[in-house]
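Have a look at the structure below, then the notes.
Numbering (my numbering), first residue to last: 1 to 66.
As structure tokens, this is what we get:
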């Protein structure tokens with residue numbers, strides 16, 4: 001996969017040390033960090049991937065193929 005250009009690194013998050021980028025106005029590009037009290041991520045959006053069902057209700061393993 002080609003490297004993405006997010007602009008210039010403007011700093012690091014004081015909580016999780018993820019890079020902050022100029023292309024997003026000094027915010028992280030990649031979410032979620034899922035660290036409590038993250039100043040950039042809404043608490044209700046953290047760990048939302050845990051509620052997704054990745055398996056088919058009929059038992060097919062095709063849902064697991066990426």
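All C-beta atoms in this analysis are idealised placements derived from N, C-alpha and C, irrespective of residue type, glycine included.
Beta-carbon to beta-carbon, residue 33 and residue 9 are separated by about 16 Å, too far to satisfy the 8 Å threshold. DSSP, read as helix, strand or coil, puts residue 10 in strand.
Per DSSP, the beta bridge partners of residue 27 are 21. The C-beta distance from residue 11 to residue 25 rounds to 12 Å, too long to fall under 8 Å, and the pair is not in contact.
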